[in-house]
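Participant: Per this note's numbering, the sequence shown starts with residue 2, numbered consecutively.
C-beta atoms are modelled at their ideal positions from N, C-alpha and C, and glycine is treated no differently.
Got a structure for you, written out below as structure tokens; questions coming shortly.
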Amino acid sequence: MSDGAGQITTHLSSISETAIVQILLIAAGAWLLITLTQRLVPALAGRCSGRHRLHTLALVPALRLLVIVTALLLILQRIIEPTFENLVGLLGALGLALGFATKDYASSLIAGIVALYELPYRPGDWIEVDGAYGEVRAIGMRTVEIVTPDDTVVHIPHLTLWDHAIFNANDGSQHLQCVADFYLHPRHDAAQVHRMLYDVALTSSLLQIDRPIGVIVREKPFGTHYRLKAYPLDPRQQFAFVTDLTVRGKAALLGSGVELASFPAVAGQSP
2 MSDGAGQITT
12 HLSSISETAI
22 VQILLIAAGA
32 WLLITLTQRL
42 VPALAGRCSG
52 RHRLHTLALV
62 PALRLLVIVT
72 ALLLILQRII
82 EPTFENLVGL
92 LGALGLALGF
102 ATKDYASSLI
112 AGIVALYELP
122 YRPGDWIEVD
132 GAYGEVRAIG
142 MRTVEIVTPD
152 DTVVHIPHLT
162 LWDHAIFNAN
172 DGSQHLQCVA
182 DFYLHPRHDA
192 AQVHRMLYDV
202 ALTSSLLQID
212 RPIGVIVREK
222 PFGTHYRLKA
232 YPLDPRQQFA
242 FVTDLTVRGK
252 AALLGSGVEL
262 ASFPAVAGQS
272 P
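Laid out in structure tokens, this is it:
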């Protein structure tokens, strides 16, 4: 390994001024291409709709990785003679240094490459990782950037792929199931309420009509729990959709004389 390192040092010390200028131009060109990709591709995706928008956004991290790998190969050709022995020596020395200096960072980079292959999340997906839920806005080399419903930006290292579950609500599609919950007094006509809630979802202006509507009924100690499941037109409408189902569903239930479930007050707790 010492002989290989000595050969690499010899090659590095013999780099000409022309090669240095070429390396700087390659790095500047790569930076420019990455910047243009991060701006133009999302702008192009904004003109698309549905699945095409998500697929276009997913090109950003792949194109960025392609530019970086190409730039590194071009730079290596100008630093050392591209023989097998030189490449093995250089990669071994770099790997050893990076392994000790940036262990976690390197792990996140490797996990980012794995994420590009396995696609556990894409730009436009709604994911939950370690309690953080939001829309994937960008996928970097080290982190994935999500925006929560409260408009908070969260950067999650790709390293979480190794030891955390990733919940993906729409998984690269426009289909994101929403649930509106209703808790009713047990004395009511369950079949009538089932039909009523189904109609509430069916008449929503935000409903994705080609997806199924479900009404799940479960008995609880305090009453009857109804879960109204349906799909909005766009995943970004999920909160407006749940609000619409809840408001109109509650109005329909109260209008038909159905009593909502009530919880007894806990002793010593203010109402």
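Starting from H156, trace the beta strand (DSSP E) both ways and give me its first and last residue.
Facilitator: Note, H156: beta strand (DSSP E), V154 to P158.
Participant: Verify whether the separation of the beta carbon atoms of V115 and G125 is less than 9 Å.
Facilitator: Cβ atoms of V115 and G125: not closer than 9 Å.
Participant: Looking at the structure shown, is D182 part of a helix, part of a strand, or coil, going by DSSP?
Facilitator: Residue state, collapsed to three classes: strand.
Participant: Taking only three categories from DSSP, how would you classify T149?
Facilitator: Note: T149 maps to coil in three-state DSSP.
Participant: What residues are listed by DSSP as bridge partners for V137?
Facilitator: Per DSSP, I147.
Participant: Pull up the distance between the alpha-carbon of P213 and that of R249, whole angstroms please.
Facilitator: Roughly 19 Å between the two C-alpha positions.
Participant: Measuring CB atoms only, is the segment 238-245 touching the segment 193-213, in the sense that at least three cross pairs come out at less than 8 Å?
Facilitator: Yes: at least three Cβ pairs fall under 8 Å.
Participant: If you drop the 5 nearest sequence neighbours on each side, which residues of the same chain put their C-beta closer than 6 Å to that of A112?
Facilitator: For A112, where only same-chain residues beyond five positions count, the Cβ hits under 6 Å are H159, L160 and L162.
Participant: Taking DSSP as the reference, what is the three-state secondary structure of A231?
Facilitator: Here A231 sits in strand by DSSP.
Participant: Please list the terminal residues of the continuous beta strand (DSSP E) segment that includes E129.
Facilitator: First-last of the beta strand (DSSP E) with E129: W127 to V130.
Participant: Note down, in chain order, each residue of its chain lying with its Cβ closer than 6 Å to the Cβ of L60, except the 5 sequence neighbours on either side.
Facilitator: Cβ neighbours of L60 beyond the five flanking positions: V42.
Participant: Counting Cβ pairs closer than 8 Å, one from the segment 186-193 and one from the segment 143-160, do we hit at least three?
Facilitator: Taking 8 Å as the limit for Cβ pairs, the verdict is that the segment 143-160 does not touch the segment 186-193.
Participant: For G224, list the residues DSSP reports as bridge partners.
Facilitator: Beta-bridge pairing links G224 to K221.
Participant: Return the Cβ separation of H176 and Y232 in integer angstroms, given the expectation that the two are a contact with Cβ distance under 8 Å.
Facilitator: Correct: roughly 6 Å between the Cβ atoms.
Participant: Among T153, A29, V201 and R237, whose alpha-carbon lies nearest the alpha-carbon of I69?
Facilitator: Comparing Cα positions, the closest option is A29.
Participant: How big is the Cα-Cα spacing for P236 and A166?
Facilitator: Going from the Cα of P236 to the Cα of A166 covers about 21 Å.
Participant: Do Y184 and L246 have their beta-carbon atoms positioned less than 9 Å apart in this structure?
Facilitator: Cβ atoms of L246 and Y184: not closer than 9 Å.
Participant: Which word fits R65, buried or exposed, when buried means at least 16 other C-beta atoms lie within 10 angstroms of its C-beta?
Facilitator: Buried: at least 16 other Cβ atoms inside 10 Å.
Participant: In whole angstroms, give me the CA-to-CA distance for L234 and Q39.
Facilitator: Distance between the alpha carbons of L234 and Q39 is about 27 Å.
Participant: Nearest-angstrom Cα distance between V22 and L37?
Facilitator: About 22 Å.
Participant: Give the secondary structure of I167 by DSSP, where H, G and I count as helix, E and B as strand, and everything else as coil.
Facilitator: Three-state result, I167: strand.
Participant: Between the Cα of P62 and those of D182, D172 and A139, spot the shortest distance and give me the residue it belongs to.
Facilitator: Checked all of D182, D172 and A139; the closest Cα to P62 is A139.
Participant: Tell me whether L255 sits in a helix, a strand or coil according to DSSP, three-state version.
Facilitator: In the structure shown, L255 sits in a helix (DSSP, three-state: H, G or I).
Participant: Start and end of the alpha helix (DSSP H) containing H195?
Facilitator: Counting along the chain, the alpha helix (DSSP H) containing H195 begins and ends at A191 to L203.
Participant: Could you tell me the boundaries of the alpha helix (DSSP H) in which G21 lies?
Facilitator: The sequence given here places Ile at residue 21; Gly does not occur at that position. Its alpha helix (DSSP H) spans residues E18 to G47.
Participant: How should T149 be labelled, buried or exposed, when 16 other C-beta atoms within 10 angstroms of its C-beta is the threshold for buried?
Facilitator: Its Cβ having fewer than 16 others within 10 Å, T149 is exposed.
Participant: Nearest CA to the CA of R228: which residue from D152, A181, A20 and V259?
Facilitator: Cα-wise, what sits closest to R228 is A181.
Participant: In chain order, what residues of the same chain have a beta carbon less than 6 Å from the beta carbon of V216, not counting five sequence neighbours either side?
Facilitator: Excluding residues within five positions, the ones whose Cβ falls inside 6 Å are H195, L198, Y199 and L229.
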